[in-house]
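**Q** Chains A and B, in that order, are what the protein sequence lines are. Under this note's numbering, residue 358 is the last one in the first sequence; the count climbs by one each step, no gaps. Under this note's numbering, residue 876 is the last one in the second sequence; the count climbs by one each step, no gaps. Glycine included, C-beta positions come from ideal geometry on N, C-alpha and C. Mind having a look at this structure? Questions to follow.
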Amino acid sequence: MRELTLEDLDDMVLGATLLGAGGGGDPYIARLMVRQAMEDFGSVMIASPDELDPDGLVLTTAVIGAPTVISEKVPAGPEFVGCVNSLAAYLGKKPVAIMPIEVGGMNTLIPIAVAAEMGLPVIDADSMRRAFPQIEMTVFTLAGIPASPMSVADEKGNVVVFQTTTNQVAEKLARASVMQLGMANGISCYPMTVKQVREFGIQGSMSYCVDLGRKLSAVQRGEAGAYDAFLEFSGGQKYFSGKVIDIDRRTTEGFAKGTLVVEHLTDPTRTMRIEIQNELLMAFEDGKPVVTTPDLICILDHENAQPITTETLAFGQRVDVIGLPCAPEWHQEGMLELVGPKAFGYDVPYTPMEGARK
Amino acid sequence: MSRLRIGIDVGGTNTDAVVVDQDGNVLASTKAATTLDPSDGIAAALKAVIEGIDKSHIKQAMLGTTHPANAIIQRKDLQQVGVLRLAAPSSLAIRPGAAWPKDLHATVIGPSAIIKGGYEYDGSEISPLDEQAVRDFAQKCKGVVNAIAVSCAFAPANYEQELRAAAIIAEELGEDFAVSLSHQVGAIGLLERENATILNASLFGVAKRVVDGFQSALLSHGLKVDSYLTQNDGTLMTAEEAIRLPILTVGSGPTNSMRGACALAKLSDALVIDVGGTSADVGILIDGFPRESSAAVEVGGVRTNFRMPDLISIGLGGGTLVREEDGGVRVGPDSVGYRVVTEALITGGSTLTLSDISTKGGRLDGFGDASKVSGVKDATVTAALAWVDEQVQILCDRMKASRTSLPLIAVGGGSHLVPDSIPGVAGVIRPAHHSVANAFGAAIAEASGAVDRVYRYEAEGRDACLDDAKRLATEAAIRAGADVDHVRITSVVEVPMSYLPGQGCRVQVKAAGPLAIH
């Protein structure tokens with residue numbers, strides 16, 4: 001086990017913003033929450049599955065709701081601890097560790113605050129290693145692990161526990177509950193054993209997030225060779241440096257959809273188009289797909305390498321478009337149907353980043 | 359009879375003043391040094407600018423000032439504040455003052471509490487307000503602090519509880535006890551709005567002194583006029599309001615400069631570059647108002663959610679150093695700043711600056727002795743000016759809101775550096791009186807009102823929701839003094855709420871209009 005230090009936390013926030021792939025909610029509030037939880041309850045250990053009882057119960061937690069609402073109805077604590085405890089009570093078993101569902105955006109950090117309060121370690125794994133908008137978009141769904149029983153709680157003590165037949169139904173019921181419970185709630189789902197996490201989860205996600213943030217932080221400080229080291233560590237590639245020349249946003253069915261157009265900095269005949277559904281999902285150069293979901297598209301400020309979220313994209317920004325390959329655990333049967341381009345309504349084949357690498 | 363306005367701007371170096379008629383003509387202008395007690399500089403500028411003006415025609419006076427911003431940056435004259443948040447059980451995971459710089463926290467934040475209260479996104483209550491807790495908190499603050507900042511979850515959508523809390527505090531501590539309410543201060547984002555509300559309350563003392571100084575300076579010249587202060591967004595609030603909402607003035611300097619530049623050039627859509635001795639700031643005006651930054655604005659190291667102009671700054675000014683090295687030229691980022699008047703070659707000094715380059719390159723004349731730069735190599739001049747031109751072009755390019763080409767208005771003491779022709783820019787305009795653009799911007803400011811709240815389009819339809827927001831903003835502008843017949847909507851921003859069905863949308867609307875004539 002390794003202790004999560006405050007210095008790790010800064011790197012983790014940066015890594016989490018990057019893995020949000022433009023979405024996932026601003027980790028700023030979650031970071032303040034973790035700081036207070038560490039002040040009040042002490043530090044948190046990150047544990048590898050190999051260090052825990054294989055039959056022990058692992059419970060996840062995350063915030064579910066609208067980022068705008070969360071910025072106003074700031075987390076309380078009981079909505080997360082409450083949903084974890086309620087699910088544990090339903091299962092008649094106490095958890096040995098807390099796990100993030102989504103290492104990407106603010107949900108990377110929420111489990112740490114909850115683990116601090118509950119005095120449990122955070123297991124070094126997750127089910128996405130990036131942000132995705134829906135509960136069923138996990139490697140656990142691919143492994144046939146049900147999202148339910150699951151719980152959704154608010155800060156007042158209202159809790160619902162669901163048992164559902166599919167992870168898609170779980171997603172629908174969770175959203176419907178959130179609408180009724182104030183749009184800023186805690187969720188716990190995919191209860192499983194440490195052994196299952198070891199077998200089916202994405203391994204080392206939290207450490208990866210911290211390390212990725214540390215590499216990017218070196219880029220931001222302008223250290224020699226840092227950009228190459230960052231790309232080499234992540235297997236990423238810089239696809240484009242350009243200027244935002246168009247950003248078109250629209251909302252449909254709960255998704256903030258949009259299209260972004262970037263013109264190359266030195267060659268104005270080259271443009272890149274990026275399709276957004278909460279996250280940056282598809283990047284095309286001259287009509288040809290170059291990075292496609294579930295690989296990650298990340299936009300960095302060209303000047304200072306700060307990741308830019310979709311909400312703050314604006315005309316005239318000079319940006320670098322980076323592709324990062326998704327976690328290797330994604331590459332299995334059923335991936336494309338669940339999180340590939342077609343799952344988001346794009347009639348475009350998945351273009352693996354490996355194929356594009358030099 | 360012509361109606362005249364006085365505009366005064368207190369900047370870091372200079373205090374400028376202008377007298378403007380109702381058609382926007384500058385009748386008089388002056389520059390005085392900003393003084394240790396800025397009220398002295400205001401009085402001096404006022405005295406100079408009204409010399410020879412028929413005072414009976416002066417009806418209004420507008421002040422833009424850096425006092426509050428400097429008080430925060432220097433941690434000077436700030437009051438300690440009680441902090442009351444109405445939101446429990448929500449928000450308990452983050453206490454007030456989280457992530458404040460330690461020294462500012464120690465100076466400003468007194469007793470604090472998160473009590474039951476607050477609203478959901480749809481305006482219903484998270485909890486009913488715990489009135490007894492408000493009373494207990496007020497008693498805890500009695501004799502300890504002189505002001506309380508009250509912030510309620512979703513106050514931009516519903517501020518009943520904030521008003522009720524203020525009434526209870528008045529019952530406990532008296533009508534004169536100072537209270538700052540978050541819905542008057544900031545927009546959506548509880549923690550940022552709370553931060554701004556706390557800073558606002560801490561500035562009450564500073565604000566009172568500024569306004570008293572301003573009004574007594576006016577009175578000492580027999581000017582019984584309406585007095586106003588300019589806000590961050592370039593619009594006005596009455597001096598009485600400014601005593602209660604000083605935080606809304608902290609970013610008014612750049613806004614006044616940009617709006618003043620645009621009005622002097624008689625344009626409403628343009629890029630503006632303000633080049634000083636050390637740096638150049640570029641901003642953009644759309645429909646007469648600066649485009650606002652989407653990034654969180656930090657004031658004195660504290661994150662807030664103000665409406666601030668979107669500016670890009672770089673180290674490019676009249677005093678910027680130019681060095682010849684390895685057959686090339688390195689420009690800046692360091693500068694001799696205001697000492698350019700003694701340290702540049704043309705002013706008899708020994709430092710090669712961009713002002714010297716500009717003189718030799720034919721962009722600047724009438725400043726210093728041009729013969730002093732005869733020894734500067736032509737290649738150096740060419741290379742340095744090429745660097746300047748490239749930087750200005752990049753700045754304009756980054757700032758533009760679309761591919762459309764806009765004119766660039768160049769103001770400030772170093773604006774001679776700006777080339778006459780820039781790719782992608784529809785001409786460079788150098789308006790008369792540009793050196794007092796800030797004070798002019800204050801003099802021509804309008805009254806405004808704003809709304810920022812979450813609507814659900816599926817319930818009433820997008821058009822009805824937008825109409826409601828526009829009506830509320832218009833009413834707020836009229837309450838602030840705007841002329842009913844000339845008030846107009848100046849901006850509408852819709853930010854769809856992601857991750858949930860139901861077409862929730864955050865809507866921000868602003869309205870503004872010229873001051874009504876009473």
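Scan the segment 108 to 124 of chain A for residues whose Cβ lies nearer than 7 Å to a Cβ of chain B and list them as they occur along the chain.
**A** Cβ contacts with chain B: A113.
**Q** Would you mind telling me which residues of chain B sit closer than 8 Å to A/G316, beta carbon to beta carbon, in chain order?
**A** The sequence position of residue 316 of chain A within the first sequence is 316, counting from 1. Within chain B, the residues near A/G316 are D755, R756, M757, K758, A759.
**Q** Just how far apart, CA to CA, sit B/G382 and B/I802?
**A** Taking the second sequence and counting its residues from 1, one reaches residue 382 of chain B at position 24. Taking the second sequence and counting its residues from 1, one reaches residue 802 of chain B at position 444. Their backbone Cα atoms lie some 7 Å apart in a straight line.
**Q** Is A/V58 closer than 8 Å to A/R31 when the C-beta atoms are compared?
**A** Here residue 31 of chain A refers to the residue found at position 31 when the first sequence is read from its first residue. Here residue 58 of chain A refers to the residue found at position 58 when the first sequence is read from its first residue. No. Outside cutoff.
**Q** If we count the other Cβ atoms within 10 Å of its Cβ and call it buried at 16 or more, is B/P459 buried or exposed?
**A** Stepping through the second sequence from its first residue, residue 459 of chain B is reached at position 101. When all chains shown are included, B/P459 counts as exposed.
**Q** Under a three-way DSSP split, which group does B/I875 fall into?
**A** As a working note, residue 875 of chain B is residue 517 in the second sequence. If DSSP states are grouped into helix, strand and coil, B/I875 belongs with coil.
**Q** Less than 8 Å between the C-beta atoms of B/V569 and B/A600, yes or no?
**A** Within the second sequence, the letter at position 211 stands for residue 569 of chain B. Within the second sequence, the letter at position 242 stands for residue 600 of chain B. The answer is yes: Cβ separation under 8 Å.
**Q** Any beta carbon of chain B sitting closer than 8 Å to that of A/Q168?
**A** Your numbering for residue 168 of chain A matches position 168 in the first sequence. Chain B contact via Cβ: absent.
**Q** Which same chain residues end up closer than 6 Å to B/G673 when comparing Cβ atoms and leaving out the 5 residues on each side of it in sequence?
**A** Walking along the second sequence from the start, residue 673 of chain B turns up at place 315. S637, G690, P691.
**Q** Could you check how far apart the C-beta atoms of B/I670 and B/R756 are, in whole angstroms? I think they sit under 8 Å.
**A** Counting from 1 along the second sequence, the entry for residue 670 of chain B is found at position 312. Counting from 1 along the second sequence, the entry for residue 756 of chain B is found at position 398. Confirmed, Cβ separation roughly 6 Å.
**Q** Please name the residues in the segment 443 to 476 of chain B whose beta-carbon is closer than 8 Å to at least one beta-carbon of chain A, in chain order.
**A** Taking 8 Å as the Cβ-Cβ cut-off against chain A, the residues of the segment 443 to 476 of chain B that qualify are A445, A446, P447, S448, S449, L450, A451, I452, R453, A456, A457, G476.
**Q** Have a look at B/C754, B/N558, B/L743, B/Q519 and flag the residue whose alpha-carbon is nearest the alpha-carbon of B/I538.
**A** What you label residue 538 of chain B is simply residue 180 of the second sequence in a count that begins at 1. The amino acid occupying residue 538 of chain B in the given sequence is Ser; Ile does not appear at that position. Closest by alpha carbon: B/N558.
**Q** Skipping 5 residues on each side, what residues in its chain have a beta carbon closer than 7 Å to that of B/L546?
**A** Position 188 of the second sequence holds residue 546 of chain B. For clarity, residue 546 of chain B is Ile in the given sequence; the question names Leu instead. Here the set comprises P514, D810, R864.
**Q** What in chain B is Cβ-close to A/R35, meaning under 9 Å?
**A** Here residue 35 of chain A is taken as the residue at index 35 of the first sequence, counted from 1. The answer, in chain order, is I452, A456, A457.
**Q** Classify A/M335 as helix, strand or coil using the three-state DSSP reduction.
**A** To locate residue 335 of chain A, count along the first sequence from 1; it is residue 335. Reduced to three states, the DSSP call for A/M335 is helix.
**Q** Note down, in chain order, every chain B residue with its Cβ under 7 Å from the Cβ of A/P78.
**A** Sequence index remark: in the first sequence, residue 78 of chain A carries index 78 (1-based). Ordered by position in chain B, the residues that pass the 7 Å Cβ test against A/P78 are P447.
**Q** Chain B partners of A/V74, CB-CB under 8 Å?
**A** Taking the first residue of the first sequence as position 1, residue 74 of chain A is located at position 74. Ordered by position in chain B, the residues that pass the 8 Å Cβ test against A/V74 are A445, S448, S449, A451, I452, A511, L548, L549.
**Q** What residues from chain B crowd round A/K156, counting only those whose CB sits closer than 7 Å?
**A** By 1-based counting over the first sequence, the position of residue 156 of chain A is 156. Under the 7 Å cutoff, chain B gives P447.
**Q** So, B/L712 versus B/T678, is the Cβ gap smaller than 8 Å?
**A** To locate residue 712 of chain B, count along the second sequence from 1; it is residue 354. To locate residue 678 of chain B, count along the second sequence from 1; it is residue 320. Cβ distance < 8 Å, so B/L712 and B/T678 count as in contact.
**Q** Could you compute how far the alpha carbon of A/A356 sits from the alpha carbon of A/G236?
**A** Locating residue 356 of chain A in the first sequence gives position 356, where the first residue counts as 1. Locating residue 236 of chain A in the first sequence gives position 236, where the first residue counts as 1. Confidence at A/A356 is low in this model, with a pLDDT of 40, below 50, so its placement is unreliable and the value that follows should be read with caution. Taking the straight line from one Cα to the other gives about 11 Å.
**Q** Kindly give me the distance between the Cβ atoms of B/V687 and B/A742, rounded to whole angstroms, as I take these residues to be in contact under 8 Å.
**A** Along the second sequence, read from residue 1 onward, the residue named residue 687 of chain B stands at position 329. Along the second sequence, read from residue 1 onward, the residue named residue 742 of chain B stands at position 384. That pair is a contact at about 5 Å.
**Q** Excluding the 5 residues flanking A/S188 on each side, which residues of the same chain have their C-beta closer than 7 Å to its C-beta?
**A** In the first sequence, counting from the first residue as 1, residue 188 of chain A sits at position 188. Closer than 7 Å at the Cβ level, and outside the excluded window around A/S188, lie L59, T60, T61, C83, V84, L87, M150, S151.
**Q** Drop a sphere of 10 angstroms on the beta-carbon of A/K358, count the other beta-carbons inside from all chains shown, and report buried for 16 or more, exposed for fewer.
**A** Translated into positions along the first sequence, residue 358 of chain A becomes position 358. Only weak support exists for where A/K358 lies, its pLDDT of 35 falling under 50; the coordinates are left without a value.
**Q** By DSSP, does B/A803 sit in helix, in strand, or in coil?
**A** Here residue 803 of chain B refers to the residue found at position 445 when the second sequence is read from its first residue. Reduced to three states, the DSSP call for B/A803 is coil.
**Q** State yes or no: is the beta carbon of B/V812 nearer than 8 Å to at least one beta carbon in chain A?
**A** Here residue 812 of chain B corresponds to residue number 454 of the second sequence, with the count starting at 1. So, interface residue.
**Q** So that I know if they touch, is there some Cβ in chain B lying closer than 8 Å to that of A/L32?
**A** Translated into the one-based positions of the first sequence, residue 32 of chain A becomes position 32. A/L32 counts as touching chain B.
**Q** Using a Cβ-Cβ distance cut-off of 8 Å, determine whether A/I247 contacts chain B.
**A** The count along the first sequence starts at 1 and reaches residue 247 of chain A at position 247. For A/I247, the answer is no, since every Cβ of chain B falls outside 8 Å of its Cβ.
**Q** My guess is that B/G476 and B/A523 are in contact by the Cβ rule of under 8 Å, so how many angstroms apart are they, rounded?
**A** By 1-based counting over the second sequence, the position of residue 476 of chain B is 118. By 1-based counting over the second sequence, the position of residue 523 of chain B is 165. So it is not a contact: roughly 11 Å between Cβ atoms.
**Q** Taking the alpha-carbon positions, what's the B/A628 to B/V769 distance?
**A** Walking along the second sequence from the start, residue 628 of chain B turns up at place 270. Walking along the second sequence from the start, residue 769 of chain B turns up at place 411. The straight-line gap from Cα to Cα measures roughly 13 Å.
**Q** Kindly give me the distance between the Cβ atoms of A/M206 and A/V103, rounded to whole angstroms, as I take these residues to be in contact under 8 Å.
**A** Along the first sequence, read from residue 1 onward, the residue named residue 206 of chain A stands at position 206. Along the first sequence, read from residue 1 onward, the residue named residue 103 of chain A stands at position 103. Their Cβ separation, rounded to whole angstroms, is 6 Å, which keeps A/M206 and A/V103 in contact under 8 Å.
**Q** Counting only C-beta atoms, is A/G355 closer than 8 Å to chain B at any point?
**A** By 1-based counting over the first sequence, the position of residue 355 of chain A is 355. Note that A/G355 scores 42 on pLDDT, short of 50, meaning its location in the model is unreliable; the coordinates nonetheless yield the value given after this. Not one chain B Cβ lies under 8 Å of A/G355.
**Q** Measure from the C-beta of A/I274 to each C-beta in chain B and report whether the shortest distance is under 8 Å.
**A** Start at 1 with the first residue of the first sequence, and residue 274 of chain A comes out as number 274. It does not: the Cβ of A/I274 has no partner Cβ on chain B nearer than 8 Å.
**Q** From which residue to which residue does the beta strand (DSSP E) around B/L442 run?
**A** Residue numbering aside, residue 442 of chain B sits at position 84 when the second sequence is read from its first letter. Unbroken beta strand (DSSP E) run through B/L442: 439 to 446.
**Q** Please report the straight-line C-alpha distance between B/C620 and B/I411, rounded to a whole angstrom.
**A** Taking the second sequence and counting its residues from 1, one reaches residue 620 of chain B at position 262. Taking the second sequence and counting its residues from 1, one reaches residue 411 of chain B at position 53. For B/C620 and B/I411, the distance between alpha carbons rounds to 25 Å.
**Q** Taking Cβ-Cβ distances shorter than 8 Å, what residues in chain B pair up with A/I29?
**A** The residue you call residue 29 of chain A lines up with position 29 of the first sequence. Residues of chain B passing the Cβ test: I452, L549.
**Q** Around the C-beta of A/N304, are 16 or more other C-beta atoms found within 10 angstroms, so that it is buried, or is it exposed?
**A** The sequence position of residue 304 of chain A within the first sequence is 304, counting from 1. It counts as exposed.
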